[in-house]
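Engineer: In the working numbering, the protein residues as written are 1464 to 1983.
#1: Between the alpha carbons of residue 1710 and residue 1866, how many angstroms are there, rounded?
#2: Leaving out five residues on either side along the sequence, give the residues of the same chain with a beta carbon under 6 Å from the beta carbon of residue 1605.
#3: Less than 6 Å between C-beta atoms, sequence neighbours within five positions excluded: which residues of the same chain meet that for residue 1747?
#4: So, using beta-carbon positions, are residue 1961 and residue 1834 closer together than 7 Å?
#5: For residue 1697, which residues in the same chain have their Cβ closer than 6 Å to its Cβ, ignoring the five residues on either side in sequence?
#6: How should residue 1936 be labelled, buried or exposed, when 16 other C-beta atoms within 10 angstroms of its C-beta is the threshold for buried?
#7: Using C-beta distances below 7 Å, list every residue in its chain close to residue 1682, excluding the 5 sequence neighbours before and after it, in chain order.
#8: Between residue 1624 and residue 1590, what straight-line distance do the alpha-carbon atoms span, to the nearest angstrom?
#9: Give a yes or no on whether the C-beta atoms belonging to residue 1600 and residue 1484 are separated by under 7 Å.
#10: Taking 8 Å as the threshold, find out whether the stretch 1491 to 1507 comes into contact with the stretch 1532 to 1551 through three or more Cβ pairs.
#11: Comparing alpha-carbon positions, which option in 1703, 1675, 1699 and 1555 lies nearest residue 1693?
#12: Can you tell me whether residue 1890 is helix, strand or coil according to DSSP?
#13: Give the straight-line distance between the Cα atoms of residue 1760 and residue 1493, rounded to the nearest whole angstrom.
#14: Identify whether residue 1799 lies in helix, strand or coil by the three-state DSSP scheme.
#15: Short check: CB of residue 1452 to CB of residue 1549, under 7 Å?
#16: So is residue 1500 buried or exposed if we call it buried at 16+ other beta carbons inside 10 Å?
#17: Where does residue 1640 sit, in a helix, a strand or coil, going by DSSP?
#18: Is DSSP giving residue 1558 helix, strand or coil here?
#19: Buried or exposed: residue 1890, going by 16 or more other Cβ atoms within 10 Å of its Cβ?
#20: Quick one: using the 10 Å Cβ neighbour count with 16 as the cut-off for buried, is residue 1817 buried or exposed?
#21: Quick one: measure Cβ to Cβ for residue 1903 and residue 1953, integer angstroms, because I've assumed they're closer than 8 Å.
#22: For residue 1704, which of helix, strand or coil comes out of DSSP?
#23: Output yes or no for whether 7 Å exceeds the beta carbon distance between residue 1743 and residue 1730.
#24: In this structure, does DSSP put residue 1687 in helix, strand or coil?
#25: Could you have a look at residue 1747 and say whether DSSP puts it in helix, strand or coil?
#26: Should residue 1575 and residue 1594 be called a contact, given that it needs their Cβ atoms to be closer than 7 Å?
#27: For the beta strand (DSSP E) containing residue 1631, list its first residue and its last residue.
#28: Using 7 Å as the threshold, is the C-beta distance between residue 1822 and residue 1829 below it?
#29: Are residue 1800 and residue 1914 closer than 7 Å when you measure CB to CB?
#30: For a quick check, are the C-beta atoms of residue 1597 and residue 1611 less than 7 Å apart?
#31: Give the single residue among 1477, 1566 and 1755 whose Cα lies nearest to the Cα of residue 1503.
#32: Just curious, the beta strand (DSSP E) that residue 1671 is in, first and last residue?
#33: Could you compute how far the alpha carbon of residue 1951 sits from the alpha carbon of residue 1927?
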């Protein structure tokens, strides 16, 4: 019954989609046959213009540069293996699954399309887009005639009047022996088949890649001059995913071709949502602005954004594990051996986080008492520090030291705190940490032993605050070379290093005495 209901919902969605297509594809009834032929020829000369004319409900904004490039890569070659590593919501599916194959079909360059989805049901839903256009797109019917003949996407395949076959399977289903009379697939597209539940299962991932190369690509006709267009579309969210493993294999094939001095048939088109996390310049500015992505980044956990939109592999607990994060009540400030406020103000990029933590040391334990970790200005951080100073009466605790990481333009950074002090009539003694430092990632990774030995504790009263949540996220996402944010762990490392230095000095003892001269 549940399956029947699901099918009914899919059919209902399909019918509604077909009605939208019919409404959106209006035609010019006054156009002459000669005008129509000239217009069609002009459109067929440019895939992007062809797509934007025939699919107005999908082309609500102009196509991006990478849509044109993927189409040129696929259409211009009769044998190509294209990996579309395109960010989530980048419209890779609508072009790879519908726009490009229909363009090839109507220009008489496609005979048999095989579409692979994560499951058979998902594959059928993807295939329905092609059938809906063939049956209900008035512009296509007006210019090319009625092409749909028989079959149905819900059964997994359909045929056109000129014998072109469209078929779909779920990932891992046996494709061997698939053919239409003597014809084998000449366009195979694999769309969005990676599954987060399986990425940590090496066997499943390895067998998935083997299935692609052996079972699926083996469906092509192996004869001279045969057409083989293979397209794989997915965002690359995990280093152990099928997408990433396939990408590594494509790189090997590209390298082999380069060494042999020939043009590679394997191509990788990698497109992130934005060009960098400093300006947030979008790769599809016709659809989304830099401000849109800046807001998206601000309101999304950083590790999730990096995975889904930037192809950066951020793994939970690669260095710092979930079980290393522990919480408890903090001590009164006067009971700590030493206390340090330490700030990392990340002057390079607006996307970086401004971080400041108050860490106290008691015996072997380090307590992260207060945390500021936000994508905001230094002025906001300074205001937070002064507010906390007043709310918690920190002026009564003479043990606290206030430092920020030493940078080239340090006077400007100190001035942000002094400006806030001017408005309040007093000054918190913030100074620069001028100590020479090594590699940031090496320093942060070196603190992992404190967490592993359960010597680091977080303030349970701040456990659900956005700042502390972001700090924990940055620890769990930390891995050298991953590209994930580390401004919070960097600030904590600075505090831990200073606390160790302070308490080491406090515990040192000095003695003055005399010894007998041994000169004579």
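We put the CB at the ideal spot given by N, CA and C, even for glycine.
Structural biologist: Walking through what the data contain:
#1: Between residue 1710 and residue 1866, the C-alpha separation is close to 45 Å.
#2: The residues are 1490.
#3: Within its own chain, the residues whose Cβ lies closer than 6 Å to the Cβ of residue 1747, once the five positions on either side in sequence are excluded, are 1527, listed in chain order.
#4: For residue 1961 and residue 1834, no; Cβs fall outside 7 Å.
#5: The beta carbon of residue 1697 sits closer than 6 Å to those of 1655, 1657 and 1706, all from its chain and outside the five residues before and after it, given in chain order.
#6: By the neighbour-count rule (16 or more Cβ atoms within 10 Å), residue 1936 is buried.
#7: Answer for residue 1682: 1577, 1638, 1641, 1647, 1648 and 1651, listed in chain order.
#8: Rounded to whole angstroms, the gap between the alpha carbons of residue 1624 and residue 1590 is 17 Å.
#9: Against a cut-off of 7 Å, the Cβ pair of residue 1484 and residue 1600 comes out as a contact.
#10: These segments do not touch.
#11: For residue 1693, the nearest C-alpha among the options comes from 1675.
#12: DSSP places residue 1890 in the coil class of the three-state scheme, outside both helix and strand.
#13: Going by the C-alpha atoms only, they are around 49 Å apart.
#14: The answer is coil: DSSP assigns residue 1799 none of H, G, I, E or B.
#15: A query on residue 1452 cannot be resolved here, the shown segment of the chain reaching from 1464 to 1983 and no further.
#16: Using a 10 angstroms sphere on the CB of residue 1500, the tally of other CB atoms stays under 16, which defines it as exposed.
#17: If DSSP states are grouped into helix, strand and coil, residue 1640 belongs with coil.
#18: In the three-state scheme derived from DSSP, where H, G and I count as helix and E and B as strand, residue 1558 is classed as helix.
#19: Residue 1890 comes out exposed.
#20: Around the Cβ of residue 1817, a 10 Å sphere holds 16 or more other Cβ atoms; the residue is buried.
#21: Contact flag correct, Cβ pair sits at about 6 Å.
#22: Coil, per DSSP.
#23: For residue 1743 and residue 1730, no; Cβs fall outside 7 Å.
#24: Three-state DSSP puts residue 1687 in coil, outside helix and strand.
#25: Coil, per DSSP.
#26: No, the Cβ-Cβ distance between residue 1575 and residue 1594 is not below 7 Å.
#27: Annotation: the continuous beta strand (DSSP E) that includes residue 1631 extends over 1628 to 1633.
#28: Result yes, Cβ atoms of residue 1822 and residue 1829 sit closer than 7 Å.
#29: No, the Cβ-Cβ distance between residue 1800 and residue 1914 is not below 7 Å.
#30: The Cβ-Cβ distance between residue 1597 and residue 1611 falls below 7 Å.
#31: The residue with the shortest Cα to Cα distance from residue 1503 is 1566.
#32: Where residue 1671 is concerned, there is no enclosing beta strand (DSSP E), although the alpha helix (DSSP H) it sits in stretches over 1665 to 1673.
#33: A straight-line Cα-Cα distance of about 16 Å links residue 1951 and residue 1927.
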